[in-house]
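Working notes, beginning with the structure itself.
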Amino acid sequence: MNPHAKLICTVSLIMGTSITISSNHWILAWTGLEINTLAIIPLISKSHHPRAIEATIKYFLTQSTASALILFSSMTNAWSTGQWDITQLNHPTSCLMLTMAIAIKLGLVPFHFWFPEVLQGSSLITALLLSTLMKLPPITLLLLTSQSLNTTLLTLLAISSTLIGGWMGLNQTQTRKILAFSSISHLGWMIMIISYNPQLTILTFILYTIMTSTVFLSLAQIKVLKLSTMLISWTKTPMLNATVMLTLLSLAGLPPLTGFMPKWLIIQELTKQEMTPMATIITMLSLLSLFFYLRLAYHSTITLPPNSSNHMKLWRTNKTLNTPTAILTALSTTLLPLSPLIITVL
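Just so we're aligned: the sequence shown equals residues 1 to 346 in the UniProt record's numbering.
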């Protein structure tokens with residue numbers, strides 16, 4: 001891809017995200033979302049592969065539908081209340097339409113079918129942007145309007161996203177699809193708590209972004225797109241594979257790693273809100289995604305492919321030092337002892 005075009009797309013992505021998360025007016029927020037959509041499309045289709053073009057079209061159709069719904073819901077609310085302020089969402093129909101639109105934007109169940117397919121047609125770095133940066137504006141809108149939205153509907157979306165995200169990831173062999181269903185499952189946890197403790201949603205999103213970025217950047221460095229390739233990557237980069245395993249276990253939410261912190265705090269908050277059955281259900285459903293994280297970790301470090309004694313070994317070339325991946329790996333695995341400090345700051 002042309003460096004100038006890549007620079008324009010990157011700047012537009014940052015600008016679109018900044019406009020949406022800092023705006024208090026529906027039209028400005030919608031403008032930021034549109035800038036984001038138009039900026040990411042060239043990055044998805046840059047390989048010119050038929051699969052990438054298909055992913056681009058799917059992404060464009062779903063995002064334009066969601067943007068139209070957001071615009072329509074804000075106009076309906078403005079028509080009935082005379083307010084364009086994002087926090088003044090009072091019309092019931094507008095609340096329902098906005099919930100649907102943001103569910104489509106985020107890829108929540110039952111509007112999730114586009115997300116794994118788009119990630120599968122993208123490069124690993126573009127898939128990272130789709131899983132993290134592109135989720136930030138819709139989640140911000142959801143945070144700003146969470147007190148007006150139907151709590152029962154949000155809980156239903158959260159439970160179904162955690163269930164389907166874990167269930168459909170079980171049978172996948174492509175790492176991008178596995179991480180797509182992982183994203184859907186994590187979004188379920190964020191949506192579950194958003195009406196009761198929005199700060200916990202922000203914390204969960206930040207930690208999810210750190211852990212997912214670590215996995216995607218590590219996979220991009222060792223060029224792993226499917227499980228069978230991951231089997232032979234140990235001989236090339238054993239240390240990187242070991243850190244990938246730890247990060248995957250952190251994504252699964254196992255103590256004493258960072259990923260345990262948001263799940264622990266969300267379960268604690270749900271119990272305080274006298275929603276113990278919901279906490280039990282979402283915890284049990286997270287065991288589904290634990291299975292495919294363990295399978296990925298197993299493939300990355302514990303399993304070695306069958307070799308004969310005269311098998312030709314892969315070259316271990318000198319790898320360049322990747323400082324961002326190293327920092328993200330440290331954050332992905334060692335933040336749990338800092339939980340009291342993080343809770344105090346929030």
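Here a beta-carbon is modelled for each residue, glycine too, at the ideal position from N, C-alpha and C. Here the structure is a predicted model, which is why all the values come from computation and not from measurement.
Rounded to the nearest whole angstrom, the C-alpha separation of L227 and R295 is 9 Å. Looking from the CA of T20, the closest CA among M100, L136 and V109 belongs to L136. Counting only unbroken stretches of 4 or more residues, the alpha helix (DSSP H) elements lying wholly within the segment 66 to 120 are 92 to 106 and 114 to 120, in sequence order. If you ignore the 5 residues before and after S80, its C-beta comes within less than 7 Å of the C-beta of H91, all in its own chain and listed in chain order. Along the segment 159 to 211, the alpha helix (DSSP H) occurs as fully enclosed runs of 4 or more residues at 175 to 193, listed in sequence order. Cβ atoms of T155 and M192 come within 8 Å of each other, at about 6 Å.
For M245, the enclosing alpha helix (DSSP H) starts and ends at P238 to A252.
Short of 8 Å from the beta carbon of C9, and not among the five residues preceding or following it, lie these beta carbons of its own chain, in chain order: A39, I40, P42 and L43. Judged by DSSP in its simplified three-state form, H25 adopts strand. By the beta-carbon neighbour count (other beta carbons within 10 angstroms, threshold 16), K6 is exposed. For K263, same chain residues with a beta-carbon under 6 Å away, outside a window of 5 residues either side, are G253 in chain order. Per DSSP, V345 is one residue of the alpha helix (DSSP H) stretching across S339 to V345. Three or more beta-carbon pairs drawn from the segment 105 to 125 and the segment 163 to 174 are found closer than 8 Å, and the two stretches are therefore classed as touching. L225 and Q174 have their C-alpha atoms some 6 Å from each other. Rounded to whole angstroms, the Cβ separation of L71 and N36 is 15 Å, and the two are not in contact under 8 Å. Contact annotation: T76 and S94 have beta-carbon atoms nearer than 8 Å. Residue environment for M261: buried (at least 16 other C-beta atoms within 10 angstroms of its C-beta).
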